[in-house]
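Protein chains: 2
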Amino acid sequence: MPGLVHVVDDDASFRTAIERRLKLAGYDVVTYASAQDFLDAALDDEQPGCILLDVRIPGLSGPELQNRLIAAGSTLPIIFLTGHADTPTTVQAIKAGAEDFLTKPVSSELLLDAIARALVRQDAARSHRGKLEAFRAHLATLTQRERQVFDLIVRGKINKQIAYELGTTERTVKAHRHQVMEKMQVHSLAELVSIAERLGMLDSNGG
Amino acid sequence: MPGLVHVVDDDASFRTAIERRLKLAGYDVVTYASAQDFLDAALDDEQPGCILLDVRIPGLSGPELQNRLIAAGSTLPIIFLTGHADTPTTVQAIKAGAEDFLTKPVSSELLLDAIARALVRQDAARSHRGKLEAFRAHLATLTQRERQVFDLIVRGKINKQIAYELGTTERTVKAHRHQVMEKMQVHSLAELVSIAERLGMLDSNGG
DNA sequence: CTTCATATTGTCCTTTAGGGCAGTGACGCC
DNA sequence: GGCGTCACTGCCCTAAAGGACAATATGAAG
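Protein sequence lines, in the order shown, are assigned to chains A and B. Sequential numbering of the first sequence, starting at 1, is according to UniProt numbering. Sequential numbering of the second sequence, starting at 1, is according to UniProt numbering.
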């Protein structure tokens, strides 16, 4: 799996060395001397890649950068690389979703394995997220009224009940319902419910 | 949140000390000198509780016990406690779902926080799992034919198509469909699809 | 052989869902 | 004032779902 590896480390000689190793393995590499440099690069989050991130770097620390990226909704997997790891930092990083936490010096085998895993994971996450985004995009085109009808439909209400709850008629509900199916680009109630479930809209329902 | 804390550690004086601290905090405690002792206790996995587990113990190691429990489908959260942690072990434990990884000596604050989190998490996991189990139990009462109809229903097929695919008639499909709704204890197609989605039966569908 | 579960199917009727066609009314924008 | 979007609605018709009542067939279990 090809991909772009972002190396964030303040040690210039380390950056040079790791870049050479990764390029030999067939990866594209970009290096950054600080977390801020990385953020300033304003990356395309959708591109296949991952981050090799030093924990202790001047300015924003590795875990701080990780938090920023999570807050920003990034899906770029992070592999931490550090001279000496302390347990709480390690635990926190992994809990926050880091792909791995390695210690320098790192063997090429461990490093390349971690990168390969990270790229596979990101690929899966990206395609999964892509589908959800498509659903959300469709959902966003619904008018307020259509959205209300949508919510009641996927909770198993029949048109008659929906009409009553919205204070309108069955014919009107049918019209909205038609628009909902059209805009969400589905051809069955089952698909509609499936989408709603995936978007977490049915977590606490009462049928 | 009350709960039973299982302490697995080969150091008798440590067990005694930790038991006293945990009981003071209001928890029930059971101690084990080895992983095998814990396994032999044949625990009720559904009871609220968690495990305080030493990494290096004679016989089965902490991580090995963790793997066994995962393989057995246990939902008991694990908090690792160890004298000195190495990074790969820490990473692996957390990735495998351990609640935390603490080093001895541990402050009561960190320990009790971790236990409280573990119990909350287990509670959520248990109730979530309970619902799924109920669904699965209902699903298990379906006959083979009903199950086939179920699968096609939740993929958005209409009775006519289902009848064709199963080489039977629409009337028969209706009969099975009725049985499915009855046995799954739902009153709408939406509920049925929602359940199917939660049970992971719709991951790759074509509507 | 009898009983039970399963699978099957038919006829008839009611309720829901889904649209076609047509029209009204409110609101915001150019 | 004209245009477009959104919400609303009536009449009418077809398709799909669901259930009542009734019945056949098969295989496993006792």
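Don't be surprised by glycine CBs; every beta carbon is placed ideally from N, CA and C.
Residue i versus residue j - alpha carbon distance
i, j, result
"A/Asp113", "B/Gly3", "40 Å"
"A/Val106", "A/Val8", "15 Å"
"B/Lys131", "B/Pro48", "17 Å"
"B/Val30", "A/Leu43", "52 Å"
"B/Asn205", "B/Ala196", "Confidence is the limiting factor: at B/Asn205 the pLDDT is only 47, short of 50, which leaves the residue's position unreliable and the question unanswerable from this model."
"B/Cys50", "B/Ile115", "7 Å"
"B/Gly73", "B/Gln66", "11 Å"
"A/Leu81", "A/Asp11", "12 Å"
"B/Gly207", "B/Lys160", "Any reading at B/Gly207 must be qualified, since the residue scores a pLDDT of 40, below 50, and its modelled position is unreliable; the value itself is stated next. C-alpha separation (whole angstroms): 15 Å."
"B/Thr172", "B/Ser194", "24 Å"
"B/Ala17", "B/Asp100", "20 Å"
"A/Glu109", "B/Ala35", "32 Å"
"residue 244 of chain B", "B/Gly167", "Because chain B here runs from 1 to 207, residue 244 of chain B falls outside it and cannot be looked at."
"A/Leu53", "B/Thr103", "25 Å"
"B/Leu39", "A/Arg56", "41 Å"
"B/His187", "B/His178", "10 Å"
"A/Lys95", "B/Lys95", "8 Å"
"A/His6", "A/Tyr32", "7 Å"
"A/Thr141", "B/Thr141", "41 Å"
"A/Glu19", "B/Glu46", "50 Å"
"A/Ser127", "A/Leu119", "12 Å"
"A/Ile158", "B/Leu192", "15 Å"
"A/Pro88", "B/Lys23", "26 Å"
"B/Thr143", "B/Arg155", "19 Å"
"B/Leu37", "B/Leu60", "Note on identity: in this sequence residue 37 of chain B is Asp, with Leu being the wrong assignment. One C-alpha to the other measures close to 10 Å."
Residue range of the beta strand (DSSP E) that includes residue i
i, result
"B/Val7", "Leu4 to Val8"
Range covered by the alpha helix (DSSP H) that runs through residue i
i, result
"B/Asp151", "Gln144 to Ile153"
"A/Gln179", "Glu170 to Met184"
"B/Ser194", "Leu189 to Arg198"
"B/Leu166", "Asn159 to Leu166"
CB-CB length for residue i against residue j, believed under 8 Å
i, j, result
"B/Met184", "B/His138", "5 Å"
"A/Pro63", "A/Ala93", "6 Å"
"B/Phe135", "B/Leu189", "B/Phe135 to B/Leu189, Cβ: 16 Å. No contact."
"B/Glu146", "B/Val180", "5 Å"
"A/Ala98", "A/Ile79", "7 Å"
"B/Pro77", "B/Arg121", "6 Å"
"B/Val91", "A/Thr90", "6 Å"
Distance cut-off 8 Å: residue i Cβ against heavy atoms of the ligand NAD
i, result
"A/Leu110", "No copy of the ligand NAD appears in this structure; indeed no ligand is present at all."
* **Segments of 3+ residues assigned as beta strand (DSSP E) that fall wholly inside the UniProt domain "Response regulatory" (4-119) of chain A** => 4-8, 28-32, 49-54, 78-82 and 100-103
* Asked: At a Cβ cut of 8 Å, what residues of the UniProt domain "Response regulatory" (4-119) of chain B count as close to chain A, listed as they run along the chain?
  -> Taking 8 Å as the cut-off between beta carbons, the residues of the UniProt domain "Response regulatory" (4-119) of chain B near chain A are Ala85, Thr87, Thr90, Val91, Ile94, Lys95, Asp100, Phe101, Leu102 and Thr103, in sequence order.
* **Residues, ordered as in the chain, of the segment 145-157 of chain B that lie near chain A by beta-carbon distance below 9 Å** => Ile153, Val154, Arg155, Gly156 and Lys157
* Could you list the residues in the segment 158-175 of chain A with a C-beta less than 7 Å from some C-beta on chain B, going in chain order? => none
* Positions along the segment 178-196 of chain A whose CB lies within less than 7 Å of some CB in chain B -> Val186, His187, Ser188, Leu189, Ala190, Glu191, Val193 and Ser194
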